[in-house]
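Written out below as structure tokens is the structure these notes cover.
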Amino acid sequence: MAAEALRWHCSESAFDFETTAAQADVERVLGQDRATEALRLGARIAGAAHHVYAMGDPATDRLRVVLDSLEREAAGRPIPGDWCYINRFDDPRRPRVLVLAPGQGARLRHDMNGLVDELRASLPAAFESDSYRASRTAIDREFEEREEHFWSELQEDAEQHGLGVVRTPQGFAIAALRDGELLDSEAFHKLPEAEQQEAMKQIERLTELLKKHVQQLPEWMRERLKRVRDLDREVTELAIRGAVGELKAKYSEQEAVSGYLGEVEKDLIDNAQLFRREEQPALPFVLPGGGEKELGLRRYDVNVLVDNGASGAPPVVHETSPTYQNLIGRVEHTAQFGALVTDFTMIRPGALHRANGGFLVIDAIRLLSSPYAWDALKRSLLNREVRIESLGELLSLASTTTLEPERVRVDLRVVLVGPRLVYRLLAMLDEDFPALFSVVADFADTVEREPAALATYGALLGTLGRRAGLRPLHRGAVARLVEESLRSTGDAQRLSVRMRDAEALLREADYLAGEEGVDAVRAEHVERAVAGQVRRRDRLRERWQEAAQRRHVLIDTSGAVTAQVNGLSVVDAGGFSFGHPSRITATVRMGEGEVVDIEREVELGGAIHSKGVMILSAFISSRYAPRFPLSLRASLVFEQSYGGVEGDSASLAEACALLSALADLPLRQDLAVTGSINQLGSVQVVGGLNEKIEGFFDVCNRRGLTGAQGVLIPADNAQHLMLRRDVVDAARDGRFHVYPVRTVDEAIAFLTGTTAGARDESGEYPEGTVNRAVEERLLRFARVRRRFARPRLARVAKAGDSGP
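For the sequence shown, counting from 1, position 114 maps to 114 in my numbering; every step adds exactly one.
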């Protein structure tokens, strides 16, 4: 291949700017039209089942794209209302929900606080007013006068009969009088009998009256208390209805608030003592959030769960910690005198509350990693309501008294962001998942390299730099970043849209430009940044190259050896991949038509590699032994391979090693081979091609390039090549070569220097060709096997004749 075909060069002329400083920011997302269409559908379509799963590589900046798309969709839509919890006065353990227009929740809370503050001042003042005091005094005076009147009449009645009312330690008593003095028992008994009898009769009568009066006193007291209570209620109602009436008039058009204010009014009247100074507790309670307020007055608070008053659009909530309680909310408790207590003001919202009426974005892996969070989300979406319930209650483990808040109806769209694997697993294992997340936004990793895409990519790089506060990019730097993007995809025809990786490289290049004190990032800064990234991560590659140079790993790069070929492998070292050659050897002998994959036998080979070996076995059988049994036992192995082998990209090299062993023809060791084959002998594309070629080039370069060394690759892979500049330069100078091949025959001809050969009209391969030599070797194996089989068949037949 020509050197120009080994790497696509991005010309600076592809960009119509000198530096990105002159460009405006762009909002367009490169290569994600499919994903953004899905997000638009999920945001606009009606129905509870059209939640979205956004899948793709995190480096594509999928989260930012999702959030930006949803922000655009939310703009101009109606703003959802405020969600509040208010006290249910007849059952405080079950607070109820109040939905208000945006901003009205905070307004109602402010008004209720103002009402309480007003009543704290006005009610005590009303009870200290002159009119109240006068009314209260009148009631007290009335009953005092009633009491005085009774005693006056009783005293007068007693005196008329020569008796008197006296107070004793045991109470009141009636006794006889003479000249205004009480008679003792001795003096009383000296009175005439008739007079004593009359006195006793009157004493009994008056004592009975006194008893009846004493029995009547509690009734008078109850009557007095009722009169006082009626007075207090009248004063209370006057003060409260005046204050609450103003709020009722203010919220007259909001039926739910009017109903609530009616309940508040009734409860205020019933609990007016909370506002009486003499009734207040001596010790105020310190409430969460600061400030001191009597515990009883909290019943009139409004807990604004979600306040959308300052929102200009429906909410777009990104929940970064999607735990169970962060999703559905919680009821907090506070310690008071050694006990945990709570009320409706301690209800806290979850992400489902905050995103209600808008959009909720959650990382799928974090969600599934949090116990019970996925079930809670599903339950809320399926029921279209959020029930605030602690995990202790859910698992029947809680014994602490808590609340049962009214459930909140939810109307929102959820977007899960995660890998494709998680989507497939959920779709397969969770029957509710497809019913809920029916819209898939699939983020692409690459986009076709075309002029429009290049222009957009350059504009995006400039936008990224400006938003990050970096220096502008010279167009040469943009061109170099484009080339690195192509290299990262392993395909010179497709640009990477992993903008996170591009931004990381851009920051390093900007740092290097800053070290030089220049105003713009140029191509050489990008080159140095790329080299720096490789340098920091290629320790393992250097160690492998050193091992090959010191022949700790046996790799030949010159000469020719039978049944031995240089295959190519790729090692993924955690974000950094590199290629290296691997020696593949083959052995053959007569057998029963089996090609043994030693890697599989010792469980070091993966399923795809084993499949490649089986395809190779089928290729050998169908091509060389269509008319006689395949009497071959062959073995293939990656020498000095201890970490496992996977993939079928070595099947072309294995085929060449096997054919070399059968034809007894040596293979060039200055060539390496990569590619997979099918059963017909065609060579198919493989991945990691750039790394593989560069890995063999590095080994050859360390030992000295001879001008004969190179790599055989699938011809259809040629379009993917984006090799390092030093490899391209070596190819341009004729010191290294890349050969495209389409069939096994082309590859074996390169490696042996002998024509592979094709069958003629008689069905025979020409003399002196590789295929003729292979077929003849297999035919000899078949004949020898047949000769060995005849004596055995004769013995079997003889044993059969002598049988019973």
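Every residue, glycine too, gets a C-beta built ideally from N, C-alpha and C.
All values derive from a computational prediction rather than experimental measurement.
*Please confirm if the segment 1-13 is in contact with the segment 471-486, defined as three or more CB-CB distances below 8 Å between the two stretches.*
yes
*In angstroms, rounded to a whole number, what distance separates the CA positions of Glu601 and Val637?*
The residue given as residue 601 occupies position 601 in the sequence shown. The residue given as residue 637 occupies position 637 in the sequence shown. Each residue's alpha carbon lies about 10 Å from the other.
*At which residues does the alpha helix (DSSP H) containing Phe750 begin and terminate?*
Reading the sequence shown from its first residue, position 750 is the one you call residue 750. Residues 744-752.
*If we cut at 8 Å on Cβ distances, does Met55 have a partner in chain B?*
Chain labels in this structure do not include chain B; a single protein chain is all it has.
*Quick one: what does DSSP say Ala256 is sitting in, helix, strand or coil?*
Taking the first residue of the sequence shown as position 1, residue 256 is located at position 256. Three-state DSSP puts Ala256 in a helix.
*Any idea which residues DSSP pairs Trp83 with across the strands?*
Counting from 1 along the sequence shown, the entry for residue 83 is found at position 83. DSSP output for Trp83 lists Val99, Val306 as bridge partner(s).
*Hey, out of Leu238, Gly262, Glu237, Val235, whose CA is closest to Lys248's CA?*
What you label residue 248 is simply residue 248 of the sequence shown in a count that begins at 1. Considering only alpha carbons, the answer is Gly262.
*Can you grab the Cα-Cα spacing for the pair Pro322 / Arg413, in whole Å?*
Residue numbering aside, residue 322 sits at position 322 when the sequence shown is read from its first letter. Residue numbering aside, residue 413 sits at position 413 when the sequence shown is read from its first letter. For Pro322 and Arg413, the distance between alpha carbons rounds to 16 Å.
*Leaving out the 5 sequence neighbours to the left and right, which residues in its chain are closer than 7 Å to Glu554 when beta-carbon positions are compared?*
By one-based count along the sequence shown, residue 554 stands at place 554. Correcting the residue identity first, residue 554 is Leu in this sequence and not Glu. Only Arg583, Glu639, Gln640 meet the Cβ criterion.
*Three or more beta-carbon pairs under 8 Å between the segment 90-101 and the segment 372-379, yes or no?*
no
*asked:* Let me check understanding here. Comparing Cα to Cα, which of Val521, Asp501, Leu416, Ala459 lies closest to Ser438?
replied: Locating residue 438 in the sequence shown gives position 438, where the first residue counts as 1. The candidate whose alpha carbon is nearest that of Ser438 is Leu416.
*asked:* Rounded to whole angstroms, what is the Cα-Cα separation between Glu145 and Val341?
replied: Counting from one through the sequence shown, the residue named residue 145 turns up at place 145. Counting from one through the sequence shown, the residue named residue 341 turns up at place 341. Between Glu145 and Val341, the C-alpha separation is close to 50 Å.
_Cβ-based burial, Met55 [other Cβ within 10 Å; buried from 16]_ = The residue you call residue 55 lines up with position 55 of the sequence shown. Looking at its Cβ environment, which holds 16 or more other Cβ atoms inside 10 Å, Met55 is buried.
*Taking the alpha carbon of Glu594 as the point to measure from, which residue in Ala547, Pro629, Phe576, Ala239 has its own alpha carbon closest?*
Within the sequence shown, the letter at position 594 stands for residue 594. Out of Ala547, Pro629, Phe576, Ala239, Pro629 has the C-alpha closest to the C-alpha of Glu594.
*Can you tell me the Cα-Cα spacing of Val744 and Ala718, whole angstroms?*
Working through the sequence shown from its first residue, we reach residue 744 at position 744. Working through the sequence shown from its first residue, we reach residue 718 at position 718. Near 17 Å, if we compare the C-alpha coordinates of Ala718 and Val744.
_Endpoints, the alpha helix (DSSP H) within which Asp33 is located_ = What you label residue 33 is simply residue 33 of the sequence shown in a count that begins at 1. It spans 33-44 - the alpha helix (DSSP H) in which Asp33 sits, taken as one unbroken run.
*Separation of Thr562 from His552, as counted between CA atoms*: Counting from 1 along the sequence shown, the entry for residue 552 is found at position 552. Counting from 1 along the sequence shown, the entry for residue 562 is found at position 562. Cα to Cα, the separation comes out at about 21 Å.
*Between the CA atoms of Ile269 and Leu395 - distance to the nearest angstrom*: As a working mapping, residue 395 is identified with position 395 in the sequence shown. As a working mapping, residue 269 is identified with position 269 in the sequence shown. Between Leu395 and Ile269, the C-alpha separation is close to 41 Å.
*Would a C-beta distance cut-off of 8 Å place Ala618 and Gln684 closer than the cut-off?*
Counted from its first residue, the sequence shown places residue 618 at position 618. Counted from its first residue, the sequence shown places residue 684 at position 684. The answer is no: Cβ separation not under 8 Å.
*asked:* So the candidates are Val304, Val447, Leu665, Val410; which of them puts its Cα closest to the Cα of Ala560?
replied: Start at 1 with the first residue of the sequence shown, and residue 560 comes out as number 560. For the residues Val304, Val447, Leu665, Val410, the minimum Cα distance to Ala560 belongs to Leu665.
_Residue closest to Gly47, alpha-carbon to alpha-carbon, out of Val410, Ala355, Ala134_ = Along the sequence shown, one-based indexing puts residue 47 at 47. The residue with the shortest Cα to Cα distance from Gly47 is Val410.
_Can you look up Ser651 in the DSSP assignment and give me helix, strand or coil?_
Mapped onto the sequence shown, residue 651 falls at position 651. Here Ser651 sits in helix by DSSP.
*Could you check how far apart the C-beta atoms of His474 and Ala520 are, in whole angstroms? I think they sit under 8 Å.*
Translated into the one-based positions of the sequence shown, residue 474 becomes position 474. Translated into the one-based positions of the sequence shown, residue 520 becomes position 520. Rounded, the Cβ-Cβ distance is 5 Å, consistent with contact.
*Go ahead and label Thr805 buried or exposed: buried means 16 or more other beta carbons lie within 10 angstroms of its beta carbon, across all protein chains shown.*
No answer is possible for residue 805: it lies beyond the span of the chain, which begins at 1 and ends at 804.
_Three or more C-beta pairs under 8 Å: does that hold for the segment 502-516 against the segment 33-52?_
no
*Distance, Cα to Cα, Ala75 vs Ile45?*
Taking the first residue of the sequence shown as position 1, residue 75 is located at position 75. Taking the first residue of the sequence shown as position 1, residue 45 is located at position 45. Cα to Cα, Ala75 sits roughly 16 Å from Ile45.
*Which whole-angstrom value is the C-beta distance of Val408 and Val97, which I expect to be below 8 Å?*
Here residue 408 is taken as the residue at index 408 of the sequence shown, counted from 1. Here residue 97 is taken as the residue at index 97 of the sequence shown, counted from 1. Between Val97 and Val408 the Cβ distance is about 6 Å, and since that is below 8 Å, they are a contact.
*Is DSSP giving Ala14 helix, strand or coil here?*
Working through the sequence shown from its first residue, we reach residue 14 at position 14. Residue state, collapsed to three classes: helix.
*asked:* Judging by CA-CA distance, which residue of Ala468, Asn87, Ala373 is the nearest neighbour of Arg299?
replied: Looking up residue 299 in the sequence shown gives position 299. The option with the nearest alpha carbon to Arg299 is Asn87.
_Endpoints, alpha helix (DSSP H) assigned at Ser569_ = Start at 1 with the first residue of the sequence shown, and residue 569 comes out as number 569. Ser569 -> not in any alpha helix (DSSP H); beta strand (DSSP E) instead, spanning 564-572.
*Grouping DSSP H, G and I as helix and E and B as strand, with all else coil, what is Gln23?*
Against the sequence shown, residue 23 aligns to sequence position 23. Gln23: coil per DSSP, three-state reduction.
_Ser569 classed as buried or exposed, judged by whether at least 16 other C-beta atoms fall within 10 angstroms_ = Residue numbering aside, residue 569 sits at position 569 when the sequence shown is read from its first letter. The residue in question, Ser569, is buried, as its Cβ has 16 or more Cβ neighbours within 10 Å.
*Specify whether the segment 111-124 and the segment 420-430 touch according to this definition: at least 3 beta carbon pairs, one from each stretch, less than 8 Å apart.*
no
*asked:* Within 10 Å of its beta-carbon, does Val286 have 16 or more other beta-carbons around it, so buried, or fewer, so exposed?
replied: To locate residue 286, count along the sequence shown from 1; it is residue 286. Interpretation of Val286 is limited by its pLDDT of 46, a score under 50 that renders its predicted location unreliable; the figure taken from the coordinates is listed afterwards. Exposed is the call here.
*Can you tell me whether DSSP reads Pro581 as helix, strand or coil?*
As a first step, residue 581 is located in the sequence shown; it is residue number 581 there, counting from the start. Strand at Pro581.
*In terms of residues, what are the limits of the beta strand (DSSP E) holding Pro812?*
Any property of residue 812 remains undetermined from this structure, which presents the chain solely from 1 to 804.
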